[in-house]
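These notes are about the structure you will find just below.
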Amino acid sequence: MADRWALAPAEDGGVDVAPLGPDGLPAGPVRREAGPAEAVRSRPGVTRWVWRSTAEIYPRLLATGARVERCYDIEAAETLLLGHEGRYGEPRSAAAALARLRGGPVPPDPPQRSAEPGSQSSLFEPQGVQLPLPDLLAVYAEQQRRHERAEHPDRMRLLTAAESAGMLVAAEMNRAGLPWRADVHRAVLHDLLGERYAGGGEPRRLAELADEVSTAFGRRVRPDLPANVVRAFAQAGIKVSSTRKWEIESVDHPAVKPLLEYKRLYRIWVAHGWSWLQDWVREGRFRPEFLAGGTVTGRWVTNGGGGLQIPKVIRRAVVADPGWRLVVADADQMEPRVLAAISRDPGLMEVAGRETDLYQAVSDRAFSGDRAQAKLAVLGAVYGQTSGDGLKNLAALRRRFPRAVAYVDEAARAGEEGRLVRTWLGRTCPPAARGTDENAEEAGIPLADDDTQQWVPGYASTNARARGRFARNFVVQGSAADWALLLLAGLRKTCADLAAELVFFQHDEVIVHCPEEETATVVTAIREAAALAGRLTFGETPVRFPFTTAVVECYAEAK
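When the letters of the sequence shown are read in order and numbered with the numbering used here, they come out as residues 8 to 566.
This is the structure in structure tokens:
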């Protein structure tokens, strides 16, 4: 039996499957199965399934207890290939790819659906146009040819495989959910916010703080309305432009302390309060929908629930099942290590390969042992802080690690000039739009220093320097995201033979939920997966990718 098969849903609710040869073409007849689970279970020797969308098919498989080893996600591949070809933003569906292949009108992508709190039913709803298996295979064959035309074909194929693996991991994490104690969460909310009032109004502690703010100003002020607060400060003779924490902290006024506390608690009440708990936690699990490759850099996002922004105080509710533990692993200084690997700077690779702290090693080389200055210099090089002290630090870094600084400098220059900028494996940052802000919005050009990497309007070619800063960071952050996908793929492979389950991931942190007796195995698996991901992504280099790992019963204990 061939180790690679294609699968496409049919109109009657069944699926069509066919074996594929080394050239990606059918190596046998098309067969009809009652459903994807039947197709997968009857072919245990298949190591890779080719299908249109993992997000559509794989949750249905997991619901029946079926699991696949690997897959090729055609629509994920189309997104990567379009970006590599400088066509980011064009419709990415399999139907659009088929239309481009045959020269027909290209249909727009369907709108992104919203997550449905309290249910995973949306995960089982088809969200794209289904293609008959022969059409799907025509798109797949053309994608193989496009991979060969990439700047580095082997890297691009690895990136597509890694992105497809990430889609499997995301679906399995969505199925598993993050262990969550609702009773602990309610106790935390009561301690922080006090009693809830009937009618859904602010809880007691927020109401008390609002009264303190109003008393300090000598008039009624709504602390949840920034414009109201700015006016109140103005009437007190204090000019502020916003209610951001860094600006308010510098103000000498009795309203500041209760205002900052109100803002902190208000965010918890709105983002992770009782309503959030009711919507997103069920059967002892928090179930956001993880979306692999949700940003241009390759970082993940969640569709609803704010799964990547769990406040530390709320992490008290993330508690392992009885007899189980959470293995929480944070990558140590990931971005500067990635910079060492992609720049091939001998000096930076040498310090990134030591057992000691990377920033301390850099400080010993270039900053007379001042670790804080070394950290600022490295992060300044990555994020584009090139003025004031940042310029002085960058100059010192350039003297000691010239190839590393030159690498990000060239990325910034390419970004400013509107050229395509790629990660090590080939994920591509879109070029700058030419002309109006409207064109920029259509092209999906991101705001350079927006940590969430969300698309925003108003970023046209006139803002070339901002795009240069984004491109400087993109080559590092995006390459780190590529490495992380391969880390997850390796860790997923080990966990397949254990009871352990991957339950959480953000760009430099992963959580595995496992029986207590498996914790040592999981800790070793994380270390080995990180090393393997480094070799697969960047080749043989001295760079190490260590993790700080904690085995805990409660997530809040890990930090």
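Every residue, glycine too, gets a C-beta built ideally from N, C-alpha and C.
In this structure, how does DSSP classify residue i when only helix, strand and coil are distinguished?
i, result
"residue 562", "helix"
"residue 303", "coil"
"residue 287", "helix"
"residue 431", "coil"
"residue 510", "strand"
"residue 406", "helix"
"residue 554", "strand"
"residue 79", "strand"
"residue 38", "strand"
"residue 141", "helix"
"residue 186", "strand"
"residue 73", "coil"
"residue 9", "coil"
"residue 361", "coil"
"residue 172", "helix"
"residue 157", "coil"
"residue 17", "coil"
"residue 66", "helix"
"residue 416", "helix"
"residue 105", "helix"
"residue 549", "coil"
"residue 426", "coil"
"residue 308", "strand"
"residue 452", "Because residue 452 sits at a pLDDT of 33, beneath the cut-off of 50, its placement in the model cannot be relied upon, and the following sentence gives the value as read from the coordinates. Coil."
Would you tell me roughly how many angstroms separate the C-alpha atoms of residue i and residue j, rounded to the nearest one?
i, j, result
"residue 78", "residue 488", "19 Å"
"residue 56", "residue 512", "24 Å"
"residue 266", "residue 207", "21 Å"
"residue 528", "residue 71", "28 Å"
"residue 507", "residue 327", "12 Å"
"residue 438", "residue 153", "20 Å"
"residue 26", "residue 36", "8 Å"
"residue 497", "residue 557", "19 Å"
"residue 109", "residue 164", "24 Å"
"residue 95", "residue 515", "26 Å"
"residue 260", "residue 239", "11 Å"
"residue 88", "residue 97", "11 Å"
"residue 113", "residue 524", "54 Å"
"residue 80", "residue 24", "15 Å"
"residue 399", "residue 93", "36 Å"
"residue 530", "residue 341", "18 Å"
"residue 54", "residue 14", "13 Å"
"residue 230", "residue 177", "38 Å"
"residue 215", "residue 518", "37 Å"
"residue 300", "residue 284", "27 Å"
"residue 565", "residue 179", "23 Å"
"residue 140", "residue 539", "35 Å"
"residue 149", "residue 337", "39 Å"
"residue 388", "residue 401", "6 Å"
"residue 432", "residue 486", "7 Å"
Hey, could you find the ends of the alpha helix (DSSP H) residue i is sitting in?
i, result
"residue 518", "Here residue 518 belongs to no alpha helix (DSSP H); instead the beta strand (DSSP E) covers 516-522."
"residue 613", "The chain is shown from 8 up to 566; residue 613 falls before or after that span and cannot be answered."
"residue 476", "471-502"
"residue 55", "Taken as a continuous stretch (DSSP letters only), residue 55 belongs to no alpha helix (DSSP H), being part of the beta strand (DSSP E) at 55-58."
"residue 389", "378-390"
"residue 1", "With the chain covering 8 to 566 only, the question about residue 1 has no answer from this structure."
"residue 529", "526-545"
List the endpoints of the continuous beta strand (DSSP E) containing residue i.
i, result
"residue 23", "22-26"
Point to revise | Minimum length 4: unbroken alpha helix (DSSP H) runs contained in the region 323-354 | key: Counting only runs of 4 or more, we get 341-350.
Point to revise | Inside the region 203-274 only - alpha helix (DSSP H) runs reaching at least 4 residues | key: Every unbroken stretch of the alpha helix (DSSP H) spanning 4 or more residues and falling wholly within the region 203-274 is given here in chain order: 211-224, 233-242, 252-255.
Review point. Does the region 304-313 touch the region 499-508, meaning 3 or more C-beta pairs lie closer than 8 Å?
Key: Taking 8 Å as the limit for Cβ pairs, the verdict is that the region 304-313 does not touch the region 499-508.
Check your understanding: Contact between the region 197-206 and the region 242-255: three or more CB pairs below 8 Å?
Key -> When C-beta atoms of the region 197-206 are compared with those of the region 242-255, fewer than three pairs fall below 8 Å, so the two segments do not count as touching.
Practice item. Give a yes or no on contact between the region 313-332 and the region 546-555, applying the rule of three or more CB pairs nearer than 8 Å. Key: Counting Cβ pairs under 8 Å, fewer than three are found: no touch.
Check your understanding: Just checking, does the region 220-236 make contact with the region 293-302 on the three C-beta pairs under 8 Å criterion?
Key -> Verdict: no, contact absent.
Point to revise | Segment contact, 8 Å Cβ cut-off, at least three pairs: the region 157-174 with the region 269-286 | key: At 8 Å Cβ cutoff, the stretches do not touch.
Check your understanding: Taking three-plus beta-carbon pairs below 8 Å as touching, is the region 187-194 in contact with the region 327-336?
Key -> No, the region 187-194 is not in contact with the region 327-336.
Point to revise | Meets three-Cβ-pair contact criterion under 8 Å: the region 531-543 and the region 353-362 | key: Of all C-beta pairs linking the region 531-543 to the region 353-362, fewer than three are shorter than 8 Å, placing the two stretches out of contact.
Check your understanding: Using 8 Å as the threshold, is the region 414-434 in touch with the region 475-489, meaning 3 or more CB pairs across them?
Key -> Yes, they touch.
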